[in-house]
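Residue numbers (full-length UniProt numbering): 1 to 197.
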């Protein structure tokens, strides 16, 4: 047979307290099973207090104001004006050779552009300017475009169209006209990259 071993434990707070052991007959308990059942004890030392409390964390609120005092009122204005050269600088710049060369080189191109009427407002609505308005006096024949003058050459302009018109560079009042064979759009696209003599 194996030797019976007993193990008894208790709380640390009960160390050193008086202990009293007694014997109990196992036959006096049904099924030889003993338990320590819980029971209400009215002699407990811990008192529990319940209280409904609500808490909220908010920053410290403080009313404060400030006022800037304008001790010295003063009327003030600002005027912008373009920065200009002095009279001496203007004379020096007007007599400089780079400015003279630039004007001589560009004046010819400006005159040609003015003669060929290439300087114009490309965004203007020409049809709006030519349109008939209710305030126009006269009948419709007065508002239609009319041919002012026509030029005809039976030998050079037959079955051809005018491609370019330009003033003569040296002879005053003479206009140079370039004509070409009348072609369709597809034919012009086809011959656009070729040189026709």
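Quick reminder that beta carbons are idealized off the backbone N, C-alpha and C, glycines included. Owing to the predicted nature of the structure, the values given are computational and were not obtained by experimental measurement.
Distance check for residue j and residue i, CA to CA, integer angstroms please.
i: residue 13; j: residue 42; result: 21 Å
i: residue 190; j: residue 159; result: 20 Å
i: residue 96; j: residue 178; result: 41 Å
i: residue 56; j: residue 19; result: 52 Å
i: residue 163; j: residue 153; result: 15 Å
i: residue 187; j: residue 193; result: 11 Å
i: residue 102; j: residue 155; result: 44 Å
i: residue 90; j: residue 74; result: 39 Å
i: residue 92; j: residue 79; result: 29 Å
i: residue 62; j: residue 51; result: 31 Å
i: residue 84; j: residue 182; result: 57 Å
i: residue 39; j: residue 5; result: 30 Å
i: residue 110; j: residue 100; result: 15 Å
i: residue 15; j: residue 36; result: 21 Å
i: residue 17; j: residue 8; result: 15 Å
i: residue 86; j: residue 185; result: 59 Å
i: residue 81; j: residue 88; result: 20 Å
i: residue 94; j: residue 104; result: 13 Å
i: residue 98; j: residue 106; result: 12 Å
i: residue 174; j: residue 168; result: 5 Å
Can you give the beta carbon distance from residue i to residue j, rounded, assuming they're within the 8 Å contact cut?
i: residue 176; j: residue 166; result: 5 Å
Smallest Cα separation from residue i: which of the options?
i: residue 170; options: 67, 85, 6 and 108; result: 108
i: residue 172; options: 193, 157, 112 and 164; result: 112
i: residue 24; options: 92, 34, 15 and 66; result: 34
Exercise. What are the uninterrupted segments assigned as beta strand (DSSP E) that are 3 or more residues long and contained completely in the segment 19-82, given in chain order?
Worked result: Unbroken beta strand (DSSP E) runs of no fewer than 3 residues, entirely contained in the segment 19-82, are not found.
For this session: Mind listing, in chain order, the continuous alpha helix (DSSP H) runs of no fewer than 4 residues lying wholly within the segment 163-188?
Result: As summarised for the segment 163-188, there are no continuous alpha helix (DSSP H) elements at least 4 residues long confined to that stretch.
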